[in-house]
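First to last, the sequence lines map onto chains U and G. Take 1 as the starting number for the first sequence in the working numbering and just add one per residue. Take 248 as the starting number for the second sequence in the working numbering and just add one per residue. Just so it is clear, CB atoms sit at the ideal spot from N, CA and C, and this is done for glycine as well. One structure is given here, and the rest of the page talks about it.
Number of protein chains: 2
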Amino acid sequence: MSEILDSSKTRLFVDAELGAGLSIGVSPSQAHYLSQVLRLKSGDKVALFNGRDGEWIAGVDGAGRGWCSLSVEIQSRRQLAEPDLWLVFAPIKRARIDFVAQKATELGVSRIQPVMTRYTQVNRVNTDRLAANAIEAAEQCGRLTVPAVEDPLALDQLMAGWPTERRILLCDERGDAPGAREALAEKSGAPWAVVIGPEGGFHPDEREKLRRLPQSTAVSLGPRILRADTAVVSALSIWQALVGDWR
Amino acid sequence: MSEILDSSKTRLFVDAELGAGLSIGVSPSQAHYLSQVLRLKSGDKVALFNGRDGEWIAGVDGAGRGWCSLSVEIQSRRQLAEPDLWLVFAPIKRARIDFVAQKATELGVSRIQPVMTRYTQVNRVNTDRLAANAIEAAEQCGRLTVPAVEDPLALDQLMAGWPTERRILLCDERGDAPGAREALAEKSGAPWAVVIGPEGGFHPDEREKLRRLPQSTAVSLGPRILRADTAVVSALSIWQALVGDWR
């Protein structure tokens, strides 16, 4: 199996159903990538995943301008359960928000939920671009799924509909939250969300509301001021190491 | 004290000694930033730190083309001990290496040590640019020091002179290393280094040598393939949460 995998380092996320013997087409941009950028020829292999059917090795059948047809051959990895972890974050500016989508995907987030808070400086979020970043990162990091990218919600709206069973890891810039080892000592990998405020932090009222939620566990990310994008990577890493699938 | 601090969000790293009543000049680029970009006037305040004397509030005395003179007034923060944590990492390409220097600084690293490994793709490291990135990040994140940026060393050379007492957190892409909670359970905040390989990972011989060092603790960063810059932020965050000053 490892030989098959090594021979196909190219991984593509597709919509189509995957199974032995199926023939599938890819999007025009994927076709361009396969035939013009990678210059794959008939018989060359790629790996495909769709978030449902595991990872499959497929061979190139033929390609032309804007199309490429592939034959699905053999399953290289079975679909596995992945952490049920949302990232809720206040959007930031262009390069850094792309970065957040990429890193959250690498770090195993299942859903990316932008949230508008009082100190959020950014009014519009290009969720299509975030989704494209998430797909590319999922292809590169070996995931079998792509996180869902949701439309932005106001913080109040999000909190009003918050699922009872979903815990919140709240990264609190105030110095009085405990460290992660203590705060997450007895926690399980049940549904969670990591919640990160905007560059200026949450408004005191927002922070108070969030901390009072019964689902909420506040942790400190130390004495230095982290940029919002750093806080995202730090908090997700700590969650994975202490509660998630890095254990 | 907090009023004084709030009135001066501009923080500058300087070489000069800092103490009440001292008058100091800043570099031409800092002078340009203060007088042309921020348009500070006589009497406006900034915060200064030099890595030794804590943080001081200083008032602008005067400024002209390429110079700015400041009077040091009152100490706003005392110099505190910071974690003794090195980051040893295989250099990566331009934007991502800048990012590593910035994030390592925010995450409290005391020394940034590029290391050349067999699979390292980058031959030259612009340590001046790394140092400039580290200074800017230190100014923004509220640190009282700037990490030392060292010239690159070959991995063998680095290992040959490795200090006996400095522990190594080795981020191992092989699946057989334990998770961080287990691996770092009984560890203290004594001198440490986080060691991160290049995008392709360490050569098996290199990994074996590193794992065999008595100072070495290997940890897993989970089942997904992390980019080298993500691994840097993840590993430093986990170290800070479990061993460092985020506890």
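Closer than 8 Å to chain U by CB, residue i
i        : result
G/Ile271 : no
G/Asp331 : no
G/Arg341 : no
G/Arg286 : no
G/Ser318 : no
G/Ile359 : no
G/Gln368 : no
G/Ser481 : yes
G/Thr464 : no
G/Ser484 : yes
G/Asp350 : Note that residue 350 of chain G is Lys in the sequence shown, not Asp. Chain U, which has a Cβ nearer than 8 Å to the Cβ of G/Lys350, makes this yes.
G/Thr257 : no
G/Ser276 : no
G/Ser467 : yes
Alpha-carbon to alpha-carbon, residue j and residue i
i        : j        : result
U/Trp246 : U/Ala235 : 13 Å
U/Glu55  : U/Arg211 : 40 Å
G/Arg325 : G/Glu455 : 43 Å
U/Cys141 : G/Gly313 : 47 Å
U/Asp116 : U/Lys93  : Per the sequence shown, residue 116 of chain U should be read as Met rather than Asp. So the two alpha carbons sit approximately 13 Å from each other.
U/Ala193 : G/Ala310 : 50 Å
U/Gly200 : U/Leu226 : 11 Å
U/Arg166 : U/Pro191 : 5 Å
U/Gln121 : U/Val88  : 16 Å
G/Gly491 : G/Gly436 : 6 Å
U/Glu106 : U/Gln240 : 11 Å
U/Pro249 : U/Leu221 : Here chain U covers residues 1 to 247 and nothing more, so residue 249 of chain U does not appear.
G/Val329 : U/Leu70  : The amino acid at residue 329 of chain G is misidentified as Val; the sequence shows Glu. One C-alpha to the other measures close to 56 Å.
U/Thr10  : G/Leu285 : 48 Å
U/Ala101 : U/Leu22  : 32 Å
U/Leu213 : G/Arg376 : 45 Å
U/Val232 : U/Lys187 : 20 Å
U/Pro91  : U/Ala138 : 21 Å
Sequence-distant residues of the same chain with beta carbon closer than 7 Å to residue i, five excluded per side
i        : result
U/Leu80  : Leu144
G/Val261 : Ile271, Val273, Leu295 and Asn297
G/Leu265 : Leu295, Asn297, Asp300, Trp303 and Val319
U/Ala154 : Met116
U/Ser216 : Ile168, Leu170 and Leu210
G/Asp398 : Thr374
Cβ neighbours of residue i in the same chain (closer than 8 Å, five flanking residues each side left out)
i        : result
G/Val466 : Leu416, Leu417, Cys418, Asp419, Ala424, Pro425, Gly426, Ala427, Ala430, Leu431, Ala482 and Ile485
G/Gly290 : Gly306 and Val307
G/Asp253 : Low confidence applies here, because G/Asp253 scores a pLDDT of 46, under 50, leaving its location unreliable and the question unanswered by this model.
Residue i - partner residues in DSSP beta bridges
i        : result
G/Ile271 : G/Leu317
G/Lys292 : G/Gly306
U/Cys171 : U/Val219
G/Leu259 : G/Leu295
G/Arg324 : G/Glu302
U/Ala148 : U/Arg111
U/Leu153 : U/Val115
G/Gly408 : Partner(s): none; G/Gly408 has no beta bridge.
U/Gly64  : U/Trp67
Test: residue i CB closer than 8 Å to a CB of chain G
i        : result
U/Asp245 : yes
U/Gly189 : no
U/Glu186 : no
U/Ser76  : no
U/Cys141 : yes
U/Pro223 : yes
U/Gly179 : yes
U/Leu226 : yes
U/Glu106 : yes
U/Ser42  : no
U/Thr230 : yes
Range of the contiguous alpha helix (DSSP H) that encloses residue i
i        : result
G/Pro451 : Pro451 to Arg459
U/Phe84  : Here the sequence assigns Asp to residue 84 of chain U, which means Phe is not the residue at that position. Taken as a continuous stretch (DSSP letters only), U/Asp84 belongs to no alpha helix (DSSP H), as it is neither H nor E.
U/Arg111 : Premise fails: U/Arg111 lies in the beta strand (DSSP E), Arg111 to Met116, not in any alpha helix (DSSP H).
U/Ser35  : Note, U/Ser35: premise wrong, no alpha helix (DSSP H); not H, not E.
G/Ser481 : Ala475 to Leu489
G/Leu431 : Counting along the chain, G/Leu431 falls outside any alpha helix (DSSP H), and DSSP gives it neither H nor E.
G/Asn373 : Taken as a continuous stretch (DSSP letters only), G/Asn373 belongs to no alpha helix (DSSP H), as it is neither H nor E.
6 Å Cβ shell around residue i - same chain, five flanking residues per side excluded
i        : result
U/Trp162 : none
U/Cys68  : Val26, Ala31, Leu34 and Ser35
U/Ile135 : Phe13 and Val146
U/Arg96  : Asp229
U/Ala131 : Val149
G/Trp333 : Arg358, Gln360 and Ala440
U/Val109 : Leu85, Leu87 and Pro147
G/Pro275 : Gly313
Continuous beta strand (DSSP E) stretch holding residue i: start and end
i        : result
U/Val195 : Trp192 to Ile196
Minimum Cβ-Cβ distance from residue i to chain C less than 8 Å
i        : result
G/Gln487 : The structure shown contains no chain C; its protein chains are U and G.
Residue i CB to nearest heavy atom of the ligand GTP below 7 Å
i        : result
G/Trp486 : For the structure depicted, the ligand GTP is absent and the ligand set is empty, with no information on it obtainable.
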